[in-house]
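Numbered continuously in my numbering, the sequence shown closes out at residue 556.
Glycine is no exception: its CB is placed at the ideal position from the N, C-alpha and C atoms.
The block underneath contains the structure these notes are about, expressed in C-alpha cells.
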Amino acid sequence: MAYLHNADTTGVADLLALEPDHHGRLFTHSTRDQLITYLQSRLSPAHGTAAADELLDSPLASSRPLLRATAEELLHTDRFVLLDQQQVAVSLVRRTVKKAREADSKEVLIVTGGPGSGKSVIALHLMHHLAHDHHTVVHATGSKSFTRTLHHAIGTDNPRVRKLFAYFMNFADTPKNGLDALICDEAHRIRAHSVRHRGVRQIDELLDAAGVPVFLLDGHQVVRPGEMGSRKVIDQAAAARGLRPRHIDLNGQFRNGGSRAYEQWVLRLLQLTDEPATEWADERTFHVRVVDSPQQMEDLLQAKEAQHLTARAASTPCRFCLVGASGESVFRRRR
C-alpha cells in the first residue's frame, strides 16, 4: 500500500491508471477517506493498548544476524585454544545457560584462576559459543584498558559486535534477567556501589542482569579502593537470592610453565598464604633468575631466543615495603 499524502488525484493520473490488485493499492490526499475505509477493512477494531504493552514488556534480544556476526568475528580457534579444565569450564557454562533458558530458571557460576590460567580465553570462547547458540550474551569488565585490549585481540571493526563488550557500570538499568548470560571478566574489579543508584551494590545489578551471570576472577588479585569483587562476596550476594553458585577452579596449571612449586613459592613470598616463605630451588624445567639491570634482562632473553626458545618481557609497577619505627608498613610505588 502506498499513501502519497502530498499528491492529489490529477497529479498522479498516470499511476492511478494502473489496475489495482491484491498486491498493492495507491491512495492520495484526495482519496484519504478511501484509505481510511481500506485500513478499517484490514485492521482489527480492538484497542491497541494490549498489543503495545506486550511489545514494551517483551524481553530484549539481539538479532540473529548480530549473533551470527559475533560468533564469526569473535573467535579464530587457531588463536585461542582451550585445554583440559578450560574446556570443562566452557562446556559447563554452555549447558547451564541452555538449561536455564529452557526452564526459565537462574544460575550463578564462578570461575577462579590466577594470571595465565586462561580466564579471558574462556570468556572469549563463551562469547563465541553462546552467540552461536543464539543466546543473548554480553561481556563486561571494570577496566577500560582491558576492554580496549580485547577489542584489539579480537580484531573486529564491527561496531555492533564491539558494543557487546561493556563495563560493569552499564547494567544499572538492565531489565531483570534481560540477558541469557553475562560474562563478568576480571570480576575482582566489581565496585562496592552502583554508579547510578544510591544504596544499590554493583554486584546486585550484575546478578540481576542475566539468567546466568558468570564471574571470572583471581582470588589473589589486589583490589583497589572501592572495589570488592571476591568469591565470598559473590557467594553471599547469590545466597541472598536463594542461589548457590557453582565453582570452577582453573589452578590446575596452565600457568607458570606448569610449575606448581613456583606458584606456591610466590604465594608464600607475598604472604598470600599462612605458609612461611622458603628459599627457591630450581626445577629441571623451571628456573628463577634475578638480574641487576634492564640490559642484563634483555641479554638473558635474547640468549634464550638464540636457542630458538620463546621469550617475553613484562613490566608492572613494583611496591617496596618499608617498616617504620612504629612497626607500620609503608608502601612506596616505583617502576
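Residue nearest to residue i in terms of C-alpha spacing, selected from the options
i, options, result
"His409", "Arg381, Gly450 and Asp425", "Gly450"
"Met518", "Val318, Ala532 and Thr506", "Ala532"
"Asp456", "His441, Phe436 and Gly447", "Phe436"
"Arg462", "Glu500, Leu351, Val382 and Asp425", "Asp425"
"Asp429", "Asp439, Asn398 and His414", "Asn398"
"Met222", "Thr258, Glu240 and Leu247", "Leu247"
"Ala352", "Ala402, His468 and His441", "Ala402"
"Gly440", "Gly334, Gln528 and Arg253", "Gly334"
"Ala228", "Gly420, Ser251, Ala272 and Ala238", "Ser251"
"Pro396", "Asp305, Leu277, Leu530 and Ala238", "Leu277"
"Gly337", "Leu464, Asp503, His356 and Leu471", "Leu471"
"Glu500", "Arg263, Val512 and Val487", "Val487"
"Thr368", "Leu239, Leu530, Leu345 and Gln308", "Leu345"
"Val454", "Gln492, Ser480, Gln485 and His414", "His414"
"Leu593", "Phe507, Lys340 and Ser326", "Past the edges of the chain, shown from 222 to 556, lies residue 593, and the structure says nothing about it."
"Glu469", "Val332, Glu240, Asp305 and Ser262", "One detail in the question is off: residue 469 reads as Ile in this sequence, not Glu. If we check each option's Cα against that of Ile469, Val332 comes out closest."
"Pro466", "Ala534, Glu328, Arg263 and Ala527", "Glu328"
"Arg445", "His372, Ser364 and Leu400", "Ser364"
"Leu530", "His268, Ser262, Thr506 and Ala502", "Thr506"
"Leu400", "Glu240, Phe389 and Ala431", "Ala431"
Per-residue DSSP class, three states only, for residue i
i, result
"Ala223", "strand"
"Glu328", "coil"
"Pro434", "strand"
"Thr291", "Residue placement at Thr291 cannot be trusted, given a pLDDT of 46 that sits under 50; what the coordinates show is reported in the next sentence. Three-state DSSP puts Thr291 in a helix."
"Leu236", "helix"
"Leu276", "helix"
"Arg452", "helix"
"Asp429", "helix"
"Ile411", "coil"
"Leu521", "helix"
"Ala402", "strand"
"Thr531", "coil"
"Leu260", "helix"
"Thr298", "Unreliable placement is indicated for Thr298, whose pLDDT of 47 sits below 50; no coordinate value is reported for it."
"Thr395", "coil"
"Ala271", "helix"
"Asp305", "helix"
"Ser284", "Here Ser284 scores only 48 on pLDDT, less than 50, and its place in the model is too uncertain to base an answer on."
"His247", "First, the amino acid is wrong: residue 247 is Leu here, not His. Here Leu247 sits in strand by DSSP."
"Ala387", "strand"
"Asp229", "coil"
C-alpha distance - residue i paired with residue j, whole-angstrom precision
i, j, result
"Glu242", "Ile343", "The residue you asked about is not Glu; residue 242 is Asp in the sequence shown. Each residue's alpha carbon lies about 57 Å from the other."
"Lys525", "Gly447", "42 Å"
"Gln516", "Arg510", "14 Å"
"Thr370", "Leu236", "57 Å"
"Gly245", "Gly232", "19 Å"
"Ala225", "Ala234", "In the sequence as presented, Ala is not what sits at residue 225; that position holds Leu. Cα to Cα, Leu225 sits roughly 12 Å from Ala234."
"Val358", "Gln255", "48 Å"
"Pro266", "Leu260", "10 Å"
"Glu323", "Asp520", "58 Å"
"Ser312", "Arg381", "26 Å"
"Glu504", "Leu522", "19 Å"
"Leu464", "Val421", "19 Å"
"Thr362", "Ala459", "19 Å"
"Lys320", "Ser326", "8 Å"
"His349", "His356", "10 Å"
"Leu493", "Gln485", "9 Å"
"His589", "Gln307", "Here the chain covers residues 222 to 556 and nothing more, so residue 589 does not appear."
"Asp274", "Arg253", "29 Å"
"Ser480", "Arg419", "46 Å"
"Ala527", "Asp495", "41 Å"
"Ser514", "Met390", "41 Å"
"His268", "Gln442", "57 Å"
Within 8 Å, strictly: CB atoms of residue i and residue j
i, j, result
"Thr249", "Thr230", "yes"
"His360", "Leu385", "yes"
"Gln423", "Ile404", "no"
"Arg489", "Ala498", "yes"
"Val433", "Thr317", "yes"
"Glu407", "Leu438", "yes"
"Arg417", "Ala387", "no"
"Leu347", "Val314", "yes"
"Arg383", "His372", "yes"
Residue i at chain D interface by Cβ criterion, 8 Å
i, result
"Val421", "Note that chain D does not occur in the displayed structure, where there is just one protein chain."
Residue ranges of each alpha helix (DSSP H) within the region 316–364, 4 or longer: Segments of the alpha helix (DSSP H) lying fully in the region 316–364: 340–353.
Length at least 4, wholly inside the region 456–515: the alpha helix (DSSP H) runs in chain order: 481–490
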